[in-house]
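A.B. asks: Provided herewith is a single structure, encoded as structure tokens, for subsequent inquiry.
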Amino acid sequence: MTDNLRQLIHHCLAGDQKAMIDLVDRFRGQVFGLCYRMLGHREDAEDAAQETFVRALKNLRSWDAERDFEPWLLAIAGNRCRTALSRRMRRPSVLPLLEPLPERTPDVQAARQLAEEVALALSTLREQYRQAFLLFHQQELSYAEIAVVLQCPIGTVRTWIHRARRELIRCLQAREVVESRHAV
Amino acid sequence: MQCDEFDARLDRRLDRHQAPDADPLLRQHARLCPRCHEQLTAATRLMMGLKLLDTPPLGDDFTRRVVQQVAPATPKRRVWRAPLTLAVAATLLIALLPGTSYLLRTGRTWFATPPTPTSGTGDIAYMTSAPSASTPATADVSPWLHYRNSILQLYPEQIRTRHRQQLSALARDLSPIATPFNTAMTAIRRTIPVSQPDDKGQPSASTTPRAALGATHT
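These protein sequences, in sequence, are chains A and B. For the first sequence, my numbering begins at 253 and goes up steadily by one. For the second sequence, my numbering begins at 84 and goes up steadily by one.
Put into structure tokens, the structure is as follows:
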């Protein structure tokens, strides 16, 4: 962790609002990205991201300065997403898993279609697999960091990520997203 | 290369965040094996798709909302009440000025020396033969008694006597109120149940003032 971040957190602990703004701005994209991929719904993801930062800033004293800040923050985000998902399961209405994206040019449309297929495949994954996979491939956290976030052994994290990959590949194959043999 | 070797090598590349189709060995095997070809293609598409995943923009006021919930509330600005205070002070000054000028002219004071309240009878001068208002005061005299006595001091003796005679003529059958003013005040205060019941559940003596009052009146 950089000294700059450490200093920023130190100022946040002292109640400096400017430092709080800087800290939120620094990680908001990362936290919101994870929440959005986990929940597949913009408003829910924004709420979860907001709760994440509020909790993190309120409990900043409980963060162990010897450890990295990012996994700690993403662990809170993961917990908020799990809470939101369990809340959604209790709710009678069914929310759309994917937000409609604006129309684009034909070239971009193919890319968009692929992204939609991947997002759809992701939504079929088990919650833990999905989180582990996203933390590894999207947030580019190491296995050790993901183990901290998910509070499980590194071996388990590795297994979850590999299984997630296999399931996603199977899903893409089943939906005929995979091109014919000549393309490779 | 065997298919399980292909799988292990593909996993390793993905673990290192490397593009799967950029490995010549994997491509070579995939050309010969339809199953591994599909695996490689799907893995490549998956990684491409992940990079293309679109995340909608976050609201502009997101950071502000977060910090607003966390930062301690700023104290409200105090309204400056000096004009109001000055107005009240001026009103009081205007109200008290005539009385003060009168006292200064006559050489009197606002609060005259009250009589001894422990006398038991005759605090009200014209009803009893108790000491007059000029009796020296004691430290425990209430402010109300101070005030009453100051009024009495300003009240001429002749008028008081005449007033007493008129009252006697009008109400011959009425006995004068002998209870001293301070005794009455004390009795009234006792009606306010300030003390707790004792351990037997009985109210304390201070909450039953009627008996004391009755004894004095009869």
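Virtual Cβ for every residue (Gly too), placed ideally from N, Cα, C.
If I measure Cβ to Cβ from Arg319(A) and keep anything under 8 Å in the same chain, skipping five residues before and after, which residues do I get?
C.D. replies: If you number the first sequence from 1, residue 319(A) lands on position 67. Contacts found: Val400.
A.B. asks: Which residues of chain A have a Cβ atom closer than 9 Å to the Cβ of Glu121(B), listed in chain order?
C.D. replies: Along the second sequence, read from residue 1 onward, the residue named residue 121(B) stands at position 38. What Glu121(B) touches in chain A: Ile421, Gln425, Val430, Arg433.
A.B. asks: Please say whether Ala126(B) and Leu108(B) have beta carbons closer to each other than 8 Å?
C.D. replies: Taking the second sequence and counting its residues from 1, one reaches residue 108(B) at position 25. Taking the second sequence and counting its residues from 1, one reaches residue 126(B) at position 43. No.
A.B. asks: Quick one: what does DSSP say Met272(A) is sitting in, helix, strand or coil?
C.D. replies: By 1-based counting over the first sequence, the position of residue 272(A) is 20. Here Met272(A) sits in helix by DSSP.
A.B. asks: With a floor of 4 residues, list each alpha helix (DSSP H) that falls wholly inside the segment 131 to 157 of chain B, ordered by position along the chain.
C.D. replies: DSSP runs (the alpha helix (DSSP H)) wholly in the segment 131 to 157 of chain B: 145 to 153.
A.B. asks: Give me, in chain order, the residues of the same chain whose beta-carbon lies closer than 7 Å to that of Arg427(A); leave out the 5 immediate sequence neighbours on both sides.
C.D. replies: Residue 427(A) sits at position 175 when you count from the first residue of the first sequence. Result list for Arg427(A): Glu369, in chain order.
A.B. asks: Would Leu366(A) pass as a contact of Val430(A) if the rule is Cβ separation under 8 Å?
C.D. replies: Counting from one through the first sequence, the residue named residue 366(A) turns up at place 114. Counting from one through the first sequence, the residue named residue 430(A) turns up at place 178. It is not a contact, given that the beta carbons lie outside the stated cut-off.
A.B. asks: Name the chain A residues that come within less than 7 Å of Arg148(B), Cβ to Cβ?
C.D. replies: Walking along the second sequence from the start, residue 148(B) turns up at place 65. Here the neighbours are Gln302.
A.B. asks: Taking the straight line between their C-alpha atoms, what separation do you get for Leu291(A) and Val153(B)?
C.D. replies: In the first sequence, the residue the question calls residue 291(A) occupies position 39. In the second sequence, the residue the question calls residue 153(B) occupies position 70. Going by the C-alpha atoms only, they are around 24 Å apart.
A.B. asks: Counting C-beta neighbours from all protein chains within 10 Å, is the total for Trp412(A) 16 or more, i.e. buried, or is it exposed?
C.D. replies: The residue given as residue 412(A) occupies position 160 in the first sequence. Buried, because 16 or more other Cβ atoms sit within 10 Å of the Cβ of Trp412(A).
A.B. asks: Using a cut-off of 9 Å between C-beta atoms, extract the partners of Gly285(A) located in chain B.
C.D. replies: The residue you call residue 285(A) lines up with position 33 of the first sequence. Near Gly285(A) (Cβ distances below 9 Å), the residues of chain B are Leu136, Thr138.
A.B. asks: Out of curiosity, what's the CA-to-CA distance linking Asp87(B) and Gln111(B)?
C.D. replies: Taking the second sequence and counting its residues from 1, the one referred to as residue 87(B) is at position 4. Taking the second sequence and counting its residues from 1, the one referred to as residue 111(B) is at position 28. Each residue's alpha carbon lies about 15 Å from the other.
A.B. asks: Could you tell me whether the Cβ atoms of Leu265(A) and Arg339(A) are closer together than 8 Å?
C.D. replies: Translated into positions along the first sequence, residue 265(A) becomes position 13. Translated into positions along the first sequence, residue 339(A) becomes position 87. Their beta carbons are not under 8 Å apart, which means Leu265(A) does not touch Arg339(A) by this criterion.
A.B. asks: Excluding the five sequence neighbours on either side, which residues of its own chain have a C-beta within less than 8 Å of the C-beta of Arg245(B), listed in chain order?
C.D. replies: If you number the second sequence from 1, residue 245(B) lands on position 162. Same-chain partners within the cutoff: there are none.
A.B. asks: For Met268(B), would you say it is in contact with chain A, using Cβ-to-Cβ distances shorter than 8 Å as the test?
C.D. replies: Locating residue 268(B) in the second sequence gives position 185, where the first residue counts as 1. So, not an interface residue.
A.B. asks: Establish whether the CB of Tyr288(A) and some CB of chain B are separated by less than 8 Å.
C.D. replies: In the first sequence, residue 288(A) corresponds to position 36, counting from 1. Closer than 8 Å: yes.
A.B. asks: Taking the alpha-carbon of Gln383(A) as reference, which of His263(A), Pro323(A), Ile261(A), Ala271(A) has the nearest alpha-carbon?
C.D. replies: Your numbering for residue 383(A) matches position 131 in the first sequence. The residue with the shortest Cα to Cα distance from Gln383(A) is Pro323(A).
A.B. asks: Whose C-alpha, out of Glu303(A), Asn331(A), Phe305(A), Glu298(A), is nearest the C-alpha of Pro140(B)?
C.D. replies: Your numbering for residue 140(B) matches position 57 in the second sequence. When only C-alpha atoms are compared, the closest one is Glu298(A).
A.B. asks: For His389(A), which residues in chain B fall below 7 Å Cβ to Cβ?
C.D. replies: Numbered from its first residue, the first sequence carries residue 389(A) at position 137. Here the neighbours are Leu133.
A.B. asks: So Arg294(A) and Tyr288(A) are in contact, right, with Cβ under 8 Å, and what is the actual spacing, rounded?
C.D. replies: Reading the first sequence from its first residue, position 42 is the one you call residue 294(A). Reading the first sequence from its first residue, position 36 is the one you call residue 288(A). Right, the Cβ-Cβ distance comes to about 7 Å (below 8 Å), so this counts as a contact.
A.B. asks: For Val360(A) versus Leu325(A), is the C-beta spacing smaller than 8 Å?
C.D. replies: Position 108 of the first sequence, counted from the first residue, corresponds to residue 360(A). Position 73 of the first sequence, counted from the first residue, corresponds to residue 325(A). No; because the gap between Cβ atoms is not below 8 Å, this pair is not in contact.
A.B. asks: Answer yes or no: does any C-beta atom of chain A fall closer than 8 Å to that of Leu108(B)?
C.D. replies: Here residue 108(B) corresponds to residue number 25 of the second sequence, with the count starting at 1. No, Leu108(B) lies away from the interface with chain A (no Cβ there is under 8 Å from its Cβ).
A.B. asks: State yes or no: is the beta carbon of Asp94(B) nearer than 8 Å to at least one beta carbon in chain A?
C.D. replies: Position 11 of the second sequence, counted from the first residue, corresponds to residue 94(B). It does; some Cβ of chain A falls within 8 Å.
A.B. asks: So is Val276(A) in contact with chain B if we call contact Cβ pairs under 8 Å?
C.D. replies: Here residue 276(A) refers to the residue found at position 24 of the first sequence. Yes, contact with chain B.
A.B. asks: Between the alpha carbons of Arg417(A) and Thr124(B), how many angstroms are there, rounded?
C.D. replies: Indexing the first sequence from 1 puts residue 417(A) at position 165. Indexing the second sequence from 1 puts residue 124(B) at position 41. In a straight line, the C-alpha of Arg417(A) is about 13 Å away from that of Thr124(B).
A.B. asks: Helix, strand or coil: how does DSSP classify Val283(A) here?
C.D. replies: Translated into positions along the first sequence, residue 283(A) becomes position 31. It is helical.
A.B. asks: Cβ closer than 8 Å: which chain A residues qualify as neighbours of Leu141(B)?
C.D. replies: Reading the second sequence from its first residue, position 58 is the one you call residue 141(B). By Cβ distance, chain A contributes Arg280, Gly281, Phe284, Glu298, Ala301.
A.B. asks: For Ala172(B), which of helix, strand or coil comes out of DSSP?
C.D. replies: Looking up residue 172(B) in the second sequence gives position 89. The answer is helix: DSSP assigns Ala172(B) an H, G or I state.
A.B. asks: Once DSSP output is grouped into helix, strand and coil, what is the label at Asn220(A)?
C.D. replies: What the structure shows of chain A is the stretch from 253 to 436, and residue 220(A) is not part of that stretch, so it cannot be assessed.
A.B. asks: How big is the Cα-Cα spacing for Asp238(A) and Gly330(A)?
C.D. replies: Given that chain A is displayed from residue 253 to residue 436, the structure contains no residue 238(A) and the question cannot be resolved.
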